[in-house]
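When the letters of the sequence shown are read in order and numbered with my numbering, they come out as residues 4 to 423.
Single-structure report; data block below.
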Amino acid sequence: LINRRDHNDYFTPSRQLFTDHCFSVRDRYHLNSSSILKHESLCDLDYGVVRGVSINDKPVFTVTTETGRRYAHAVVLAVGPANQPCLPKIPTLSPQPKCFPSGVADIASLPQAQHTFNISHIPESVVSSRIAAGHKTHILVVGGGLTSVQIADVTIRRGVSKVYLLMRSQVKIKYFDVDLNWMGKYKNSEQARFWSADSDEERLEIFHEARDGGSITPYYHKKLKALIAAGKVELLTHTCISEAIFDGDASDSSGGTGPAKLGKWMVKTSPPTEMPLPPLDFIYFATGIDTDYTQLPYLQTMLQKFPIRGLGGFPCLTEDLMWSKDVPLFMTGKLASLQIGPASPNIGGIKIATERIGLAVEDLFDKMARDAQVRYMLGNGQCGEEEEGGECESEDSLDEDLLLSYVIGEGSKFQCLACS
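Here is the structure:
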């Protein structure tokens, strides 16, 4: 619960206000230009020396999309969970979807079923056509988070007869997807506990403790109770699907043709429900996305050439959110959770991440500019010296890294005192 005196600490702005803020940032920095904003998909990411592109054999990123290649000195991945939607493990799911590692499946291969991550419109056309034809419609929503309740609410308001809401745990009610201790005026103490953890394993434990799975807000919990009381939603907690078979020849008890003949899902649960579930017109999986950076297709080259340690699907980044100290690949959002904390996927976590990345990128380009200035000085012979009785070793013959370190204020120039 929230103390009313602290209510303003948890005020959430409207969607329109946040949209206006995003547009103002876009316009301020001219981010809507076609020369900057590219609607392309990343296919591969590589880091190394590229002949004809690299200067003084300094490595650059090769960013490959479906339309071509681009080169960059630094790359920021702000891709959210980034992985494929995850389906619950249902042994008898028929037809079987194409499976990927870690139980992830290609839900596009399932008829009359959809993961909420890929929804284009609600309800789907097969359900809408049955509603328009005057048939009773029943759908199943799987998941215990806010999205599942929102799907149930929207589909009922758009004509679905009844929704069965199935979740494997009890209903969890929270104002945010992390505990209030991480969002209020005393959040610094929780962040300090996280950042002072002795290991990434301890940080991962704190992360899971603070997020604790899916939850719904009090506002939507009130809506859910009203829908249950009206008989529009049946809530099935501590329940899993034990069997799901699609019958392409099923039809409504009233018979008929057209939309009623498109097929139905026959679903059984564990534990069994008091009354068997009726044939279902559609299944929505609001089961989230499992984060695993090792399964991202466009990171496979980086993983082979520059392997880094990971934990719980999250990469172990540097404090600057870099891939490693020598590879300026930055990550933000959920992929930065082991550095930022449980609120990493939220706006507050993104703000911390952008501050770190912004400073690191600025330092990176400042160093590149200093390096270029040193090379220019060396090329014009401004660093050479001669002394009576002999010549000092030419600075052009000194180790380049030593000279660069000296010019930017690191180390000493003691070796230059040795004369031949």
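Beta carbons: idealized from backbone N, C-alpha and C, even for Gly.
All values reported here derive from a predicted model rather than from experimental measurement.
Contact set for residue i: own chain, Cβ-Cβ below 8 angstroms, skip 5 residues either direction
i: residue 239; result: 167, 168, 169, 170, 272, 276
i: residue 446; result: Residue 446 is absent from the structure shown; the chain starts at 4 and stops at 423.
i: residue 242; result: 169, 170, 171, 272, 273, 274, 276
i: residue 360; result: 79, 323, 324, 333, 335
i: residue 105; result: Interpretation of residue 105 is limited by its pLDDT of 42, a score under 50 that renders its predicted location unreliable; no figure is taken from the coordinates.
i: residue 221; result: 176, 178
Cα-Cα separation, residue i to residue j
i: residue 70; j: residue 192; result: 47 angstroms
i: residue 260; j: residue 231; result: Only weak support exists for where residue 260 lies, its pLDDT of 48 falling under 50; the value from the coordinates is given anyway. So the two alpha carbons sit approximately 31 angstroms from each other.
i: residue 280; j: residue 294; result: 32 angstroms
i: residue 117; j: residue 148; result: 16 angstroms
i: residue 183; j: residue 215; result: 12 angstroms
i: residue 217; j: residue 59; result: 51 angstroms
i: residue 126; j: residue 89; result: 21 angstroms
i: residue 160; j: residue 174; result: 22 angstroms
i: residue 366; j: residue 61; result: 16 angstroms
i: residue 39; j: residue 33; result: 9 angstroms
i: residue 43; j: residue 228; result: 43 angstroms
i: residue 441; j: residue 20; result: Because the chain here runs from 4 to 423, residue 441 falls outside it and cannot be looked at.
i: residue 246; j: residue 134; result: 26 angstroms
i: residue 56; j: residue 343; result: 34 angstroms
i: residue 85; j: residue 196; result: 28 angstroms
i: residue 364; j: residue 46; result: 24 angstroms
i: residue 178; j: residue 22; result: 21 angstroms
i: residue 265; j: residue 358; result: 53 angstroms
i: residue 251; j: residue 362; result: 57 angstroms
i: residue 123; j: residue 285; result: 15 angstroms
i: residue 234; j: residue 131; result: 21 angstroms
i: residue 278; j: residue 267; result: 18 angstroms
i: residue 312; j: residue 199; result: 19 angstroms
i: residue 270; j: residue 87; result: 24 angstroms
i: residue 18; j: residue 37; result: 26 angstroms
Own chain, CB closer than 7 angstroms to residue i, minus 5 neighbours either side, in chain order
i: residue 65; result: 49, 53, 72, 74
i: residue 339; result: 320, 324, 347, 356
i: residue 16; result: none
Own chain partners of residue i with C-beta closer than 6 angstroms, once the 5 adjacent residues on each side are dropped
i: residue 346; result: 181, 185, 352
i: residue 400; result: Any answer about residue 400 is weak, because its pLDDT of 42 lies below 50 and its placement is not dependable; what the coordinates show is given next. Around residue 400: no qualifying Cβ.
i: residue 236; result: 155, 166, 168, 230
i: residue 129; result: 115, 265
Identity of the residues DSSP links to residue i by a beta bridge
i: residue 318; result: 313
i: residue 67; result: 47, 72
i: residue 238; result: 168
i: residue 116; result: 286
i: residue 269; result: 248
i: residue 141; result: 165
i: residue 330; result: 327
i: residue 78; result: 332
i: residue 219; result: 176
i: residue 243; result: 273
Expected contact under 8 angstroms - CB spacing of residue i and residue j to nearest Å
i: residue 287; j: residue 154; result: 5 angstroms
i: residue 119; j: residue 289; result: 5 angstroms
i: residue 176; j: residue 224; result: 5 angstroms
i: residue 114; j: residue 249; result: 6 angstroms
i: residue 157; j: residue 151; result: Contact doesn't hold; Cβ gap of about 11 angstroms is too wide.
i: residue 317; j: residue 296; result: 7 angstroms
i: residue 91; j: residue 219; result: Contact flag wrong, Cβ pair sits at about 19 angstroms.
Near the ligand MN: residue i beta-carbon under 6 angstroms from a heavy atom
i: residue 207; result: Among the components of this structure there are no ligands whatsoever, and the ligand MN is therefore not found.
**Item:** Validate contact between the region 136-146 and the region 201-211 using beta carbons, cut 8 angstroms, 3 pairs
**Value:** no
**Request:** Say whether the region 74-84 touches the region 332-349, bearing in mind that this needs 3 or more beta-carbon pairs closer than 8 angstroms, one atom from each stretch.
**Result:** yes
**Request:** Would you be able to state if there are at least three C-beta pairs under 8 angstroms between the region 18-35 and the region 304-313?
**Result:** no
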